[in-house]
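A.B. asks: For reference, the structure I am asking about is given below.
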Amino acid sequence: MTMGRQRKLEKYVKKYFKRHPEVRLVAVTGSIGKTYTKIAIATILNQRYRVRLFHGNRGTNFTTPMAILGIDYPGDIKGFKAWRAILKAAKQRVKQPADVDVIVVELNSVAPGSLLAYADYIIPDISVVTAISESNLKAFQTIDNVAQEQLSIGVISRSLLINRDDIDSRFAVYLTNPVMNTFGTGGAAEYRFSEGDFSEDKGYTGNIIIPEWEEPIPVTLHTYDEFSLRQIVAACAVGVKMGLSPQEIATGASSIRPLHGRMNPLAGVEGSLLLDNTANNSPLGSRTALQSLYQISAPQRVVVFGTMQHLAQLSVTAHQELGGLCDPAQLAWVVTVGDEANRYLAPAARGRGCQVKECKNALEAGAFVHSVIERDSVVLFDGPEDGGIYLEEAVKIVLHSASDEEKLVRQSPEWTEKKAEAFSRFPG
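With the sequence shown counted from 1, adding 86 to any position gets you this note's numbering.
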């Protein structure tokens with residue numbers, strides 16, 4: 087029954103684009119950074135176009151067609167009444183005049199062949215591949231399988247934008263779409279950011295280099311990490327391809343802000359700066375976040391790492407390598423939370439000469455950071471989406487103001503109940 091319902095929705099999506107060929111579709115996929123990238127794209131395109139963007143991800147096959155059609159996801163999608171309302175809304179959407187000019191959608195690849203399955207009902211005008219890294223290896227086994235899957239989006243897309251800096255060149259063998267461009271911060275990328283300056287208050291100041299234009303675009307980008315810079319460049323590239331002016335690109339790019347739990351700066355106790363990166367972590371994202379911490383001038387730097395999830399056989403190596411990047415000259419403390427981080431990351435960081443504190447849970451980590459934090463320090467909290475670690479609760483302990491708790495991830499009553507149960511399992 088579920089498959090039949092999905093097929094019905096997909097048919098309505100096909101009918102929608104057939105009836106409204108002027109509506110353009112932008113798809114975003116990749117190992118990490120999809121949510122930030124799709125919001126950045128929508129922010130820039132909003133300077134000229136009506137944009138439909140679905141912020142969440144319900145993790146079902148209904149998510150994408152409903153997001154494209156702009157249908158609200160019901161609480162109980164399996165109920166007959168809810169399903170009847172969905173089909174009615176889909177039929178109306180097809181018949182009505184187009185209410186948007188562009189749809190931006192996130193495409194997840196949960197298993198080999200996931201992306202090619204979208205070819206049954208959509209052809210993205212532009213697809214963006216944010217990065218390829220060691221994420222979800224439980225489903226894909228090897229990084230090459232991840233690359234082959236995520237780059238397969240080019241097969242069903244009219245054009246492709248890929249991250250030149252975070253996609254290894256050896257994966258070029260999986261690229262089949264000749265209409266392709268690259269983005270990034272390195273000199274090899276076609277669309278790129280050329281850094282001029284960085285400050286804790288403003289972020290990055292520099293120029294967006296656009297191959298179609300002779301003059302670069304001066305911008306100030308309000309982000310703390312280089313990976314986010316690349317995703318903003320991707321959004322700018324999409325804007326250029328959709329005909330936006332330099333002024334529209336600059337205005338849109340400068341209005342992009344960090345998302346909750348994704349290198350989001352928060353005020354901490356003792357005048358400290360907290361970099362909240364607790365929405366999710368991965369080897370690539372954690373490495374980039376650590377390098378961002380190093381570039382911030384502060385009398386004390388502290389990093390809190392939670393165990394990275396879904397790395398399968400690469401978990402040991404990935405945690406050891408991240409620990410090996412911890413520099414005692416840059417860090418006052420390395421704090422670890424979770425089995426894998428305590429077992430493999432902590433010893434590697436200690437082997438580099440770092441002071442290391444291993445914690446059994448986020449509450450202990452937060453209390454420890456609160457006890458050692460100094461005036462005007464900067465603390466990076468880098469944690470996973472799942473795994474029962476909930477590092478956002480460590481951030482909560484060192485916030486300057488309780489009002490900022492609303493900026494933390496996983497704060498709904500449902501999550502609060504789930505976390506209370508998880509923390510109750512720890513004695514003392």
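Backbone N, C-alpha and C define an ideal beta-carbon position, used for all residues, glycine too.
#1: Going residue by residue through the region 434-482, where are the continuous beta strand (DSSP E) segments of at least 3 residues, counting only ones entirely within it?
#2: What separation, rounded to the nearest whole angstrom, lies between the Cα atoms of Asn295 and Val214?
#3: I'd like the ranges of any beta strand (DSSP E) spanning at least 3 consecutive residues and lying wholly in the region 164-220.
#4: I'd like the list of long-range same chain contacts for Ala404, defined as Cβ closer than 8 angstroms, with 5 residues on each side in sequence excluded.
#5: Locate the alpha helix (DSSP H) running through Ser314, then write down its first and last residues.
#6: What residue range does the beta strand (DSSP E) around Ile248 cover?
#7: Identify the residues that DSSP records as bridge partners of Glu281: which are they?
#8: Decide if Arg461 is buried, meaning its Cβ has at least 16 other Cβ atoms within 10 Å, or exposed.
#9: Quick check on Ala274: does DSSP put it in helix, strand or coil?
#10: Determine the extent of the beta strand (DSSP E) in which Val305 is found, giving its start and end residues.
#11: Hey, how far is the Cα of Arg244 from the Cα of Gly424?
#12: Using three-state DSSP, classify Asn428 as helix, strand or coil.
#13: Is Gly338 helix, strand or coil when you go by DSSP?
#14: Three or more C-beta pairs under 8 angstroms: does that hold for the region 269-276 against the region 352-360?
#15: Check Asp362 in the structure and name its three-state DSSP category.
#16: In whole angstroms, what separates the C-alpha of Lys177 from that of Leu155?
#17: How about the region 376-392 and the region 410-426: do they share at least three Cβ pairs that are nearer than 8 angstroms?
#18: Please report the residue range of the alpha helix (DSSP H) in which Ala353 lies.
#19: Can you tell me which of the three DSSP states Arg343 falls into?
#20: Classify Thr216: buried if its beta carbon has 16 or more other beta carbons within 10 angstroms, exposed otherwise.
#21: Relative to the C-alpha of Val190, which residue among Val232, Ile242, Tyr159 and Lys120 is closest?
#22: Going by the beta-carbon positions, is the gap between Leu193 and Ile157 smaller than 8 angstroms?
#23: Please state whether the Cβ-Cβ distance between Val112 and Pro210 is less than 8 angstroms.
#24: Could you say if the region 472-487 and the region 432-451 meet the contact criterion of at least three C-beta pairs nearer than 8 angstroms?
#25: Tell me whether Trp419 is buried or exposed, calling it buried when 16 or more other Cβ atoms sit within 10 Å of its Cβ.
#26: Following the continuous beta strand (DSSP E) through Leu330, name the residue where it begins and the one where it ends.
#27: How many Å lie between Gln133 and Gln182 at the Cα?
#28: If Arg438 and Pro414 are in contact, beta carbons under 8 angstroms, what's the gap, nearest whole angstrom?
#29: Given Val114, which residues of its chain have a CB within under 6 angstroms of its CB, disregarding the five upstream and five downstream residues?
#30: In the DSSP output, what is Arg138 paired with across the bridge?
#31: Using the Cβ count rule (16 or more neighbours within 10 Å means buried), how would you classify Ser314?
#32: I need the straight-line Cα distance from Leu201 to Ile248, nearest angstrom please.
#33: Let me make sure I understand the geometry here. Which of Asn147, Leu95, Asp185 and Ser401 has the alpha-carbon closest to that of Pro107?
C.D. replies: Once the coordinates are examined:
#1: Qualifying beta strand (DSSP E) stretches, in chain order: 442-445 and 464-468.
#2: The amino acid at residue 295 is misidentified as Asn; the sequence shows Ile. Going by the C-alpha atoms only, they are around 18 angstroms apart.
#3: 188-192 and 212-215
#4: Glu220, Pro369, Met394 and Leu397
#5: Glu312 to Lys327
#6: Residues Leu246 to Asn249.
#7: Gly292
#8: Exposed, by the Cβ-count rule.
#9: coil
#10: Ile303 to Leu307
#11: 43 angstroms
#12: helix
#13: Three-state result, Gly338: helix.
#14: no
#15: strand
#16: 10 angstroms
#17: Three or more beta-carbon pairs separated by less than 8 angstroms link the region 376-392 to the region 410-426, which places the two stretches in contact.
#18: Ala353 -> not in any alpha helix (DSSP H); beta strand (DSSP E) instead, spanning Asn350 to Ala353.
#19: coil
#20: By the 10 Å Cβ count, Thr216 comes out buried.
#21: Checked all of Val232, Ile242, Tyr159 and Lys120; the closest Cα to Val190 is Lys120.
#22: no
#23: Closer than 8 angstroms, so yes.
#24: Taking 8 angstroms as the limit for Cβ pairs, the verdict is that the region 432-451 does touch the region 472-487.
#25: buried
#26: Unbroken run through Leu330: none, as it is neither H nor E.
#27: 24 angstroms
#28: 6 angstroms
#29: Lys120, Thr123, Lys124, Glu192 and Val214
#30: Ile189
#31: buried
#32: 16 angstroms
#33: Nearest C-alpha to Pro107: Asp185.
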